[in-house]
Each structure stands twice: as C-alpha cells, then as structure tokens.
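Residue numbers (the numbering used here): 14 to 565.
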C-alpha cells in the first residue's frame, strides 16, 4: 500500500482489505455460480489496476466502498412512502415490512416540511397530500406504534429545513420505546441548501439554514450516534429539477462542503463525523452514464476529503450512496411502461454500487403510490437482487472501456464545476447570486427541447403513442383527514401542559439568539408537545424568513 492509501496489487488488496473484512462480514454464500453453473469470481480486475480504478474497499473507492459489496449483503431496500395521517402511514409501513422491505423512507407532507401546523391557513388543502403530516410528538408516536425501530435496517426521512426538529422527535420516541438511540439507524436528509434551488421547502435564510443543519451533525458527533446519518447531501432533487449528471454531483458536493466547513468551525474532527455523511442521488434511465456517475461520485468525494479536508480515516473518505430511481423519467402516458424504466434505473444503481435504493412506483406521474404500485416497485428490487446475478461479483462493469471513459469524463466535468463554484464564493453565494438556478434552468430547457424535437425519444410520450387511454388505480387521500388532523392539534393544545410548553419555547428562542446548538432545547420543546409550527415560529422570529429572488 502506498503512502496515500492506494492499494497497488491484488495480493495486497486480499491481504490488507479483503481478509479483515471477511473475518467480520462473511459472504452470504460459500460459492457463487451462474444459472448454468459457471463459477463467478469475487472480483475481475487487472493486476495491477489503473490507480484511478483501484480495488473495492480501497481508495479512491471507484469500485465500491467495501471489498465484497453485495456478496456480503444486499443494499437496504426502502420505499419512499407516507400519506395522510400517522395511523394510515403506519399501516403502509407495516405492510411493506411484512413483504420484505428492510428499511423505509418517510414522505412528509408540505406543511410539515415547511414548518406549518395543520390548522395554519398556509396548510389548507395540503395536509397529508404528498406525505404524512407530523405536527408534534403525538403524531410521531402514532406513526411508529407497534414498529420495533431498533430492528429496521434504516429509517429515512425527507426532513430538511426541519431536520433537527424531526431528529428531536425520533429521540423522544426512542426514549418512550426504551430504545438506545445509538442502536438505531436513522437517516435524516437535513440538506437545506438544495431546497433554495430545487424543491422550495426552505424556511430560514441560507446561512441560518446551514447553521441549523450543522447543529444536528454536531449533536450526533457529541452523543456518539455513529449509526445515524445527520446529513444526506441531496442531488436527487437537483437532477429532478433538470440538471445534468455532472451538475447533480458538483452542486451536491459544493453544498456538502458548506456543511463540512461549518462543522469544522465548531472544532469537530473531520475523521469523526464524515463517516456518517451519505449522499442521496438519482438513478436515471441513461444506463451507462448513471453507472459511471455513481463510480465518479465516490472517486471525487474520496479525493476531496483527503486532499482538501485532510481526512486520514478511510471511512471518512467512503461515500455511501442512497439512490432513488428518477421520478422525472416517469411519464403519465402508458404508465405501465414506467415499470421497465424503474427496473433499468434500479439495475444502474446496483451496478453503480450504491448502499440503499428506493424504487419509484409506476403510478407516480399521477399521485403518490397505491399499495399495489409500491409493492411492484419493491418486487423490482428483489428481482434484481435475487434473479439477475449482478450481485454475485463486485463492480461487474468495472474495466469496461465505455464505463471507465465515462467515469473519467464525469470526474473532470464535476471538478470543473466545483472550481467554478469555489471561485464564485461557495454554495451559499451561488444561491444568492443565482448561479445554481441559472445553470438548472438552462439544462432543463435543453433537455425539454430535445424531447420536443424528438432528438431524445420518450416511448409513449413523443413516439409510439397510443390512442387508447389506460386507466390505472390512483391513490386518493382521505378528504376527512385534514379535518381530523386539525381536531387532533386542537385537542393536543387543550390537554398538554401549556405552561411547560411555553417555557420550552422561550428557552429555544434564547438559545437561537445566543447562537447555541439548538438540539437540547428542541428535544425539550418536543417532549413538551410543542407543535412543529410553534417551534418554527419561535425560530422565525430570530432567524427571519427567506424570500427567493427571481432569477432570469
């Protein structure tokens, strides 16, 4: 092994990387064969390999973050789901877990994500519509009733502007269930910067948003919550807003650097908290580019952590990837075709070596998934895992001339964008000056023009159309759910200890004005059954509210 951690031969890799891994994480079978009985080797590789390609589990991690990858265990299969009330979402999670799902991703409705209670006028018509409404600890208690949280491989949520608040609710529920939070695997997106350019569920100005997100990173480091993911740098939404593959990675990593810099300014060691950071990327239908994108992402991040941030711990340089099949590739016309698209996207994610996958459902161009559609999406992952054989050898496409060339090209393009963003002053500056938004608008326009001119064919949309209207079951939210949630909120306000709750909010405001880490006071407020709207209102008074500027 060289001084910079690069493994130079297969013998060295087997001795220093593979064997220690096998001692603690044996493979799931004694031998792997094709259906016809041909043996499959663990790794097919040049020896010595190109230094930029390397070996799985070794810097720069192009071929994967572990030496055996899916030969040890499959990725976490967790569907993105959640709707209506906490009770309704709880039933869906239980059903998916019974069908073999190993984790789940909690979809939150827009009022929750934007910090509004169900009875706020801003929430009218949106409560429980695109996700579950979580207005207080009482809702979180109902959401997880009867679910043994410590046994789920990964629990994810889309909380971004409200990431620390949702984390505080998790901690309170763990305490109620008698679960040591250090034994839980929580995955909290907590990446507010992409909200300003891609999704719009922001609350506070960007600088305050970064500070708020970093509070959770710091708290997890201080409390030893090493199995928590307090930050998932999110590129998925950037890609779904029209970016190219290179822009998805570059803008995501530039945003991530803003959080790293804030955490480091608090004295946290990079080797302590960087291993907990993941990224959330799209898995698109452009198969070769997507496989190369995941490989390039790992390489770029590993170099960034080592060369810019001085990381010494190999775990800090390993980029763990959660991939979600790209909803923007799914179309309403001939919706059953989306099953094929999702299968291709899933295969690209697997051959790209990701750690967690959520598959889109074929009906998502219409609404959030029906239970049947969500089951088909889960079965898609299970078919890829168990029937295709692609999981039986590590980085099966590594060494392909096309894949390696695309990986190299994407790395160069990503680095070019990172250099440009740094020259402009970093991620927050690129939000303020409109650089991100301009780049996304231009890329989205180019792609749309390709579709309109049929330069890019979308089956069923601009070619091979059908005059026959296809009817599929579509999820429809319970029209009484919003009224029920409002009534629950009103009952909560009557029954809780309001003096205790008001005192907790006062301490939250004081901590915000003093620029303290807000996690302890958030936990206190959550346990006092303050609502998400009440907590966010207290923080708005200190931090202010962000208003986006128009970018032309």
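Backbone N, C-alpha and C fix where the C-beta goes; we use that ideal spot for every residue, glycine too.
Segment limits, alpha helix (DSSP H) that includes residue i
| i | result |
| --- | --- |
| residue 267 | 258–278 |
| residue 232 | 219–236 |
| residue 454 | 448–465 |
| residue 199 | Looking at the DSSP string, residue 199 is not in any alpha helix (DSSP H); the run it does join, the beta strand (DSSP E), is 199–201. |
| residue 300 | 300–316 |
| residue 428 | 414–436 |
| residue 540 | 532–540 |
| residue 124 | 123–126 |
| residue 546 | 545–556 |
| residue 362 | 350–364 |
| residue 150 | 150–156 |
| residue 504 | 494–508 |
| residue 444 | 440–445 |
Secondary structure of residue i, DSSP reduced to three states
| i | result |
| --- | --- |
| residue 116 | strand |
| residue 52 | strand |
| residue 521 | helix |
| residue 76 | coil |
| residue 137 | coil |
| residue 88 | coil |
| residue 401 | coil |
| residue 470 | coil |
| residue 19 | strand |
| residue 195 | helix |
| residue 393 | helix |
Residue interval of the beta strand (DSSP E) (run including residue i)
| i | result |
| --- | --- |
| residue 246 | 245–247 |
| residue 167 | 167–170 |
| residue 42 | Neither: residue 42 is in no beta strand (DSSP E) and is coded neither H nor E. |
| residue 26 | Segment 23–26 is the alpha helix (DSSP H) holding residue 26; no beta strand (DSSP E) there. |
| residue 337 | 333–338 |
| residue 370 | 369–371 |
| residue 294 | 291–296 |
Among the options, nearest to residue i - alpha-carbon criterion
| i | options | result |
| --- | --- | --- |
| residue 75 | 369, 312 and 223 | 312 |
| residue 253 | 218, 524, 548 and 298 | 298 |
| residue 537 | 522, 526, 258 and 162 | 522 |
| residue 278 | 245, 315, 231 and 263 | 231 |
| residue 274 | 19, 114, 317 and 256 | 317 |
| residue 399 | 83, 199, 22 and 135 | 83 |
| residue 558 | 495, 215 and 126 | 215 |
| residue 265 | 430, 164 and 475 | 430 |
| residue 346 | 331, 375 and 368 | 375 |
| residue 566 | 239, 263 and 220 | An answer regarding residue 566 cannot be provided, because it is not within the stretch 14 to 565 covered by the chain. |
| residue 348 | 87, 378, 78 and 435 | 378 |
| residue 48 | 387, 405 and 26 | 405 |
| residue 59 | 533, 37, 22 and 78 | 22 |
| residue 492 | 126, 207, 32 and 137 | 137 |
| residue 355 | 283, 387 and 69 | 387 |
| residue 371 | 465, 119 and 483 | 119 |
| residue 489 | 506, 384 and 539 | 384 |
| residue 152 | 102, 359 and 547 | 102 |
| residue 191 | 163, 204 and 200 | 163 |
Whole-angstrom C-beta distance between residue j and residue i, which should lie under 8 Å
| i | j | result |
| --- | --- | --- |
| residue 344 | residue 471 | 6 Å |
| residue 243 | residue 289 | 6 Å |
| residue 182 | residue 229 | In fact, because the Cβ distance is near 12 Å, the residues do not count as touching under 8 Å. |
| residue 147 | residue 99 | 7 Å |
| residue 219 | residue 555 | Contact flag wrong, Cβ pair sits at about 15 Å. |
| residue 381 | residue 131 | About 18 Å; that fails the 8 Å criterion. |
| residue 189 | residue 89 | The Cβ separation is near 25 Å, so there is no contact. |
| residue 453 | residue 446 | Residue 453 to residue 446, Cβ: 14 Å. No contact. |
Beta-carbon spacing of residue i, residue j below 8 Å
| i | j | result |
| --- | --- | --- |
| residue 175 | residue 545 | yes |
| residue 34 | residue 62 | no |
| residue 259 | residue 423 | yes |
| residue 373 | residue 401 | no |
| residue 91 | residue 122 | no |
| residue 40 | residue 52 | no |
| residue 225 | residue 531 | yes |
| residue 66 | residue 411 | yes |
| residue 549 | residue 128 | yes |
| residue 245 | residue 202 | yes |
| residue 310 | residue 332 | yes |
Cβ of residue i within 8 Å of any chain B Cβ
| i | result |
| --- | --- |
| residue 298 | In summary, chain B is missing from the structure at hand, where a single protein chain is found. |
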